[in-house]
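> Okay, handing you the structure first.
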Amino acid sequence: MLNQIQLHIHEDEEKQLEVEEKFSKHIQARQKNAIEAFRRYIPSLLPILTRREFKTSTVFCNKHGNVNIIDYFSGQVVYGEFPANEIAEHLRLSDQDSSAISFSEDHIHNAIVVLGLGLGLHIESLVYSKKYKYIIVYEPYPDHLTCSASAIDWRDLLNFAQQNGISLFLQIGQNGRTLYKDIQELRENLPLDSICLYKHFNSPTFDHIQEIWQKGDWHKFEKQNISNSLTYDVVNYIPPWTLLNSENEWLSSKLCFETKERNLEALEKFFPSLFDEYKDYVPQGWSPVADSNGQVNICRLGIEALFYSQNPKDECERSFEQFRHHPHKDGLLLGYKGTKLRNYLHYRMVADCQSILESVEDVKGELPEKLRALIVMGLGNGYTLNSLTERHKVEKLFICEPNRDFFYASLFCVNWSAILEEFDQSERRIYLNIGDDGSNLTDDLLIQFQSIGPYVLANTYFYQGYYNEGLARAISQLREQLQVIIAMGDYFDNAKYGLSHTIDSITSDVPFLRKTFPSLVNDATRNVPIFVVGNGPSLDNLLPYLKQEREKAVVISCGTALQSLYKNNIIPDFHAEIEMNRATHDWAVRIGDKAYLKEIVLLSCNGIHPDTRNLYKSTLLAFKQGEASTVALMEAYGKHDFKLLEHAYPTVSNFVIDLVTSLGLQQVYLLGIDLGFVSEKYHHSKSSGYYLENGQELYAYSDTNNTSVVVPGNLRPWVSTKFEFKVSKSVIEQRIAKSKADFYNLNDGARIAGASPLKPENLLIMSSPSQKDALVASVCDQAFKPLDKARLTDGLTQRFSKPALLEEFDSLITLCDENDLDSHSSLEAFIELQREFIVSSLFRKKSQLFFLLNGTLNYINSVMSKLLDIQDEALLCDTANQLKFLWKRYVQDMQRIMDLDELGTDGSGSFYALRRKVYIQKYAETSGFNIRVVPKVNEVWLKEWQLLNSVCDVDSQKRDPIIVNFDDEEHVLERVNCKVSSNIEGVLRSAEYDDTVVFSLDTFCVDKDVCLLPPKFDQINHALNVTLSSIGKAIVIPKLLVLKGYCPDGLEKVVEAFQKRFVYETQDFVVLTETLLKNDQRVLTFGDRLSFRPRLMTSLLTVLIKTEKAFKDVVALKKRYK
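Here it is as structure tokens:
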């Protein structure tokens, strides 16, 4: 059926509006009459009719002036273009009398059960026919009653029924599971002689009722447990509304078996496994049938429902034409929406690319004749594929059909023989995924895209051949997983820091998870529970149970849950982190108790930051499968006995669940692993760092996270979540399915398949503290071991040559220089050349270039691929060359980083102001501050700094004073520790003799509505932070806070003036030095770690605030201290 709303309404909005206005008065009159009628005859249903909001469905008027129903969630139309004709024919063909079940010998059919109300036109026909005295209607969706009020005149209908002694029982909101009980009650009060059945809609429950009914034994209903499902799985899906196969019109004998045999020969040649499956195939649920013209339809066995209308070929053609005129390109190019990694080189490049692309109008229009890639989700009978391949040349065609019967039907329709031969001869790719319910779809497609280049995703079109609820869910999940996976991709910075962090851990003798080890589970430890503790909102109510049982259970805290446990005096046995950036250090430090951390063993992946690792008692690591650092180092190390975790993404809870199941632990309890929330204001434990002491959010979580996704709940029907959590849930479910462990979900969050819902009051722990301690000891002593450092060093030396790496960077730069992008074909060739270059580097096995650049190069290739749809060649070439120049500059930057900072560690952070406050207070306690600010008029800013950081005394006699000079002329010749200046010349002059010079960008902050100069208390903070560290002489530039889209004039002069200095960065200031800093020099007194940058650029001198509201909030926050 043609269920897309676009095919039911006029493309011309004015014409559609005319139709709607023409029929609106009739519809409004019917709705008014319905309210009047139900108030009189069935007042119990009046609240449904009078409510203003629809829950699932509503009505619309199609281009022919016919009322139809549209489903809110799917966007699909229920009936065809002419509902009245379809319903009348459906009612005629259903033959209700043949389904009758008699309760007496009279065999008078005086009652009928109707499954589905819809528009109600069939109810109208049944009532006016006066054939049945009792009509019982089951309709699970209350909105359909409201919809019917727009299609039929309920006032006339109920009046007629009352005058003719017809009783109408409307079971609204009921799906028919109570059918036996309801009819039995009616039989006790009414003379039901014989009862018929008419199934108007399809659903698992209605199908089950029909199946039992056809057996003719009424009492079988008493013994049967009727299905309660409203939705089908992917393979067994039946549309809610289908036409019925009339006698002798659609028959399997009319199929063209010659076409099938010809296609089977082609499958034997190109897809032998499919040939083996289909050479003697017998349909299981749907059978292909044909009419006298040879058109192929698909008929549901047992209920004679047709998947398509009376003209399948035309229906498929119209659907494809709609797609051709309004194609959907997937375009999974993602920018970075977060803040803590915004300073990564890759994400700076992404922002610059997006600025260039914004100047190019988004190319819209018809489906191009030549397609880089197309994903067809749902082949159906396959007529669409004939049209597609006749009119378009597709380079990479991915066909996913979950229903094996449908693919069998396509053997009678699709010219597979010609299509496969043509693809083979032209060296194009065609990929068939048949019979997969969606569970393997993402992995299969990613494997295919990796083999041809993931950048093709940016130029991939997406066509859904037919609507299927389960398939739609699989498609949605596919998109979500691809988005998360692409966002998590091993871009340059991730790969670079992953390598340096892992090497640091290995050379520090940190143990890694072994592939094989003695079993940790014995009679004594078998029942020791593992409490995996997340930071979800459920944790607050579970804390009393955790306190009560923690001595008898192994407690593993995940990520930010540690703050909640600390506030409640709970010391976990293990704490887990997954992110390789330094934000994990900042979150832990904010606890403010280093001794507490030193009682905990850290669990993490190989890329964990060394600064985070050093906070804890000890560390146990595991390699994460697929990451660039893992693949590169294992290749250098050679044969090994270390476990590679395959399901340790995207959240820390995924890592822990993958780890504990890999350890063979048996009893796993999930606490605070909500992966969803009831309220968008209550998204994490209120004991954690996401909330202030007064219980208010630290920041508006829903403003930076899409929390509108709805998933089934664990202890309630539904909860809200975000995409990352939904993907996390799916990956956890995959891991649980492969595990022998028992999982229990105690949270009021998302339902997790395979984890039994458990109310906390039913928690029963039988193990003892000594058994728990024995299991913890076994985990630490037996399951992990260090790598051989000497062997790794030798392997790295042999596999990765630094001169070879720098040489390959030079070659890539030359590739950019030597290729002029002056046409579509030259751009396409350049993209392919870059792909070939990076792959050849992998096979050359001389450097780590492939591991460092694969993700980032795929990104730039994706961006360039997006340009190929631009028909204006001059515009295409201009934009492509801008991107190429930008790319070349960033390649040079990456080369410089690997030359000068190969093993440098990450310096990003999270809530760095709060972390600095912890370090400042600790410094005040141990060393004391002795600070002078000149001239005295600026002492007010020192007091503000004290207030912000809760520092009482700045006159400590423990140390010599630090002088911060705000450009006071009287002291210009006096040597000071720190000079603050607002002009380039003054900065350069002061840098010759002062330890630290703060360059305040006053003169560049002109427009105060979109640009904010950091207040002087921030400047004092940065001055002290650097001066008290071991850097030596340095220039500090506090970043301007600017609204996104604004670029202060003149910053290029700053870049030019300091271009010869080495550049380091934190979240809100830049440090310039004359010499390279050693790794330990980069850690500042207030806890910041400086990140090396290849050059000074204007983007380093600003912090972009994304929205006007956020900018105003920052301005208000800074100004309130004045």
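Mapping of the sequence shown onto this note's numbering: position 274 corresponds to residue 316, and the numbering continues sequentially without gaps.
Using N, Cα and C, we set each Cβ at its ideal position, and we do this for glycine too.
Look at the alpha carbon of Ala792 and the alpha carbon of Val752, and state the distance between them as a whole number of angstroms.
What you label residue 792 is simply residue 750 of the sequence shown in a count that begins at 1. What you label residue 752 is simply residue 710 of the sequence shown in a count that begins at 1. Roughly 9 Å separates the two Cα atoms.
> Once DSSP output is grouped into helix, strand and coil, what is the label at Phe211?
The residue labelled residue 211 in the question sits at position 169 within the sequence shown. If DSSP states are grouped into helix, strand and coil, Phe211 belongs with the strands.
> How long is the line joining the alpha carbons of Asn428 and Pro410, rounded to whole angstroms?
In the sequence shown, counting from the first residue as 1, residue 428 sits at position 386. In the sequence shown, counting from the first residue as 1, residue 410 sits at position 368. So the two alpha carbons sit approximately 17 Å from each other.
> If you draw a straight line from the alpha carbon of Gly420 to that of Lys435, how long is it in whole angstroms?
Within the sequence shown, numbered from 1, the residue matching residue 420 stands at position 378. Within the sequence shown, numbered from 1, the residue matching residue 435 stands at position 393. Approximately 20 Å, taken between the alpha carbons.
> Should Asn267 and His388 be called a contact, given that it needs their Cβ atoms to be closer than 9 Å?
Here the question's residue 267 lines up with position 225 in the sequence shown. Here the question's residue 388 lines up with position 346 in the sequence shown. Not in contact: Asn267 and His388 (Cβ atoms no closer than 9 Å).
> What are the start and end residues of the alpha helix (DSSP H) that includes Phe573?
By one-based count along the sequence shown, residue 573 stands at place 531. Careful: Phe573 lies outside any alpha helix (DSSP H), inside the beta strand (DSSP E) at 571–575.
> Is there contact between the region 1079–1088 and the region 1125–1134, where contact requires at least three CB pairs shorter than 8 Å?
No contact exists between the region 1079–1088 and the region 1125–1134.
> Taking its Cβ as the centre, do 16 or more other Cβ atoms sit within 10 Å of Pro182, making it buried, or is it exposed?
Numbered from its first residue, the sequence shown carries residue 182 at position 140. By the 10 Å Cβ count, Pro182 comes out buried.
> Taking only the alpha-carbon atoms, compute the straight-line gap between Leu348 and Gln204 and give it to the nearest angstrom.
For the purposes of this step, residue 348 is taken as residue 306 along the sequence shown, with counting starting at 1. For the purposes of this step, residue 204 is taken as residue 162 along the sequence shown, with counting starting at 1. Each residue's Cα considered, the two are about 37 Å apart.
> Could you tell me whether the region 1094–1114 touches the region 944–954, using the rule of 3 or more Cβ pairs below 8 Å?
Yes: the two stretches touch, three or more of their Cβ pairs being nearer than 8 Å.
> Look at Gln890 and Pro1136 and say whether their C-beta atoms are less than 9 Å apart.
For this step, residue 890 is matched to residue 848 along the sequence shown. For this step, residue 1136 is matched to residue 1094 along the sequence shown. No. Outside cutoff.
> Taking the continuous beta strand (DSSP E) assigned at Cys442, which residues delimit it?
Within the sequence shown, the letter at position 400 stands for residue 442. 435–443 is the extent of the beta strand (DSSP E) around Cys442.
> Under 9 Å, do Trp292 and Cys341 count as touching if we go by C-beta distance?
As a first step, residue 292 must be located in the sequence shown, where it is residue number 250. As a first step, residue 341 must be located in the sequence shown, where it is residue number 299. Yes. Within cutoff.
> Spatial neighbours of Leu239 within its chain, please: C-beta separation below 6 Å, excluding the five flanking residues on both sides.
To locate residue 239, count along the sequence shown from 1; it is residue 197. Closer than 6 Å at Cβ, skipping near neighbours: Ser141, Val155, Trp255.
> Using the rule of at least 16 other Cβ atoms within 10 Å of the residue's Cβ for burial, across every protein chain shown, is Val192 buried or exposed?
Counting from one through the sequence shown, the residue named residue 192 turns up at place 150. Before going on, a small fix: residue 192 reads as Ser here, not Val. Buried, since its Cβ has 16 or more Cβ neighbours within 10 Å.
> Leaving out the 5 sequence neighbours to the left and right, which residues in its chain are closer than 8 Å to Glu463 when beta-carbon positions are compared?
On the sequence shown, residue 463 is found 421 positions in, with the first residue counted as 1. Result list for Glu463: Ala308, in chain order.
> Using 8 Å as the Cβ pair cut-off and three pairs as the minimum, do the region 663–681 and the region 634–650 touch?
With the cut-off at 8 Å, the region 663–681 and the region 634–650 touch.
> Give the DSSP bridge partners of His50, in chain order.
By 1-based counting over the sequence shown, the position of residue 50 is 8. According to DSSP, which records beta bridges pairwise, His50 is partnered with nothing at all.
> Can you give me the Cβ contacts of Leu306 inside the same chain, cut-off strictly under 8 Å, excluding the 5 residues immediately before and after it?
The sequence position of residue 306 within the sequence shown is 264, counting from 1. Correct list, in chain order: Phe317, Tyr320, Lys321, Leu453.
> With C-beta atoms as the reference, is Pro330 less than 9 Å away from Ala451?
Taking the sequence shown and counting its residues from 1, the one referred to as residue 330 is at position 288. Taking the sequence shown and counting its residues from 1, the one referred to as residue 451 is at position 409. Their beta carbons are under 9 Å apart, which means Pro330 touches Ala451 by this criterion.
> Output needed for Tyr608: all residues of its chain with C-beta closer than 8 Å, excluding positions within five of it in sequence on either side, in chain order.
Within the sequence shown, residue 608 is the residue found at index 566, counting from 1. Contacts found: Ile633, Asp635, Tyr638.
> Below 8 Å, can you find three or more Cβ-Cβ pairs linking the region 1063–1077 to the region 1109–1116?
The answer is yes - the region 1109–1116 touches the region 1063–1077, with three or more Cβ pairs under 8 Å.
> Comparing alpha-carbon positions, which option in Glu443, Ser820, Glu230, Leu909 lies nearest Ile417?
In the sequence shown, counting from the first residue as 1, residue 417 sits at position 375. Ile417 has its Cα closest to that of Glu443, out of Glu443, Ser820, Glu230, Leu909.
> Can you grab the Cα-Cα spacing for the pair Leu894 / Tyr350, in whole Å?
Position 852 of the sequence shown holds residue 894. Position 308 of the sequence shown holds residue 350. One C-alpha to the other measures close to 51 Å.
> Does the contact criterion of 3 or more C-beta pairs under 8 Å hold for the region 222–241 versus the region 124–142?
As far as the Cβ criterion goes, the region 222–241 touches the region 124–142, which means the pair count is three or higher.
> From the DSSP output, which residues share a beta bridge with Ser329?
Within the sequence shown, numbered from 1, the residue matching residue 329 stands at position 287. BP columns for Ser329 point to Cys341.
> Where does Trp760 fall in DSSP's three states?
By one-based count along the sequence shown, residue 760 stands at place 718. Reduced to three states, the DSSP call for Trp760 is strand.
> Along the chain, where does the beta strand (DSSP E) containing Ile476 start, and where does it finish?
By 1-based counting over the sequence shown, the position of residue 476 is 434. Unbroken beta strand (DSSP E) run through Ile476: 471–476.
> If we call anything under 9 Å between Cβ atoms a contact, is Val769 one with Val720?
By one-based count along the sequence shown, residue 769 stands at place 727. By one-based count along the sequence shown, residue 720 stands at place 678. Taking 9 Å as the Cβ cut-off, Val769 and Val720 do not qualify as a contacting pair.
> Please specify which runs of the alpha helix (DSSP H), each continuous and at least 4 residues long, are wholly inside the region 1002–1045, giving them in chain order.
If we require 4 residues or more, the alpha helix (DSSP H) runs fully inside the region 1002–1045 come out as 1026–1032.
> What did DSSP end up calling Tyr658 once you bin it into helix, strand or coil?
The residue labelled residue 658 in the question sits at position 616 within the sequence shown. Tyr658: coil per DSSP, three-state reduction.
> Might you give, ordered along the chain, the residues of its own chain that have their beta carbon closer than 8 Å to the beta carbon of Leu1015, omitting 5 neighbours on each side?
Position 973 of the sequence shown, counted from the start, is the residue given in the question as residue 1015. Interpretation of Leu1015 is limited by its pLDDT of 46, a score under 50 that renders its predicted location unreliable; no figure is taken from the coordinates.
> Roughly how many whole angstroms lie between the Cα atoms of Leu848 and Lys1148?
By 1-based counting over the sequence shown, the position of residue 848 is 806. By 1-based counting over the sequence shown, the position of residue 1148 is 1106. One C-alpha to the other measures close to 36 Å.
> Touching or not, the region 581–595 and the region 830–849, by the rule of three or more beta carbon pairs under 8 Å?
No contact exists between the region 581–595 and the region 830–849.
> How should Val979 be labelled, buried or exposed, when 16 other C-beta atoms within 10 angstroms of its C-beta is the threshold for buried?
For the purposes of this step, residue 979 is taken as residue 937 along the sequence shown, with counting starting at 1. Exposed, because fewer than 16 other Cβ atoms sit within 10 Å of the Cβ of Val979.
> Measure the C-alpha to C-alpha separation of Lys985 and Leu1093 and round it to an integer number of angstroms.
On the sequence shown, position 943 is the one that residue 985 refers to. On the sequence shown, position 1051 is the one that residue 1093 refers to. Taking the straight line from one Cα to the other gives about 31 Å.
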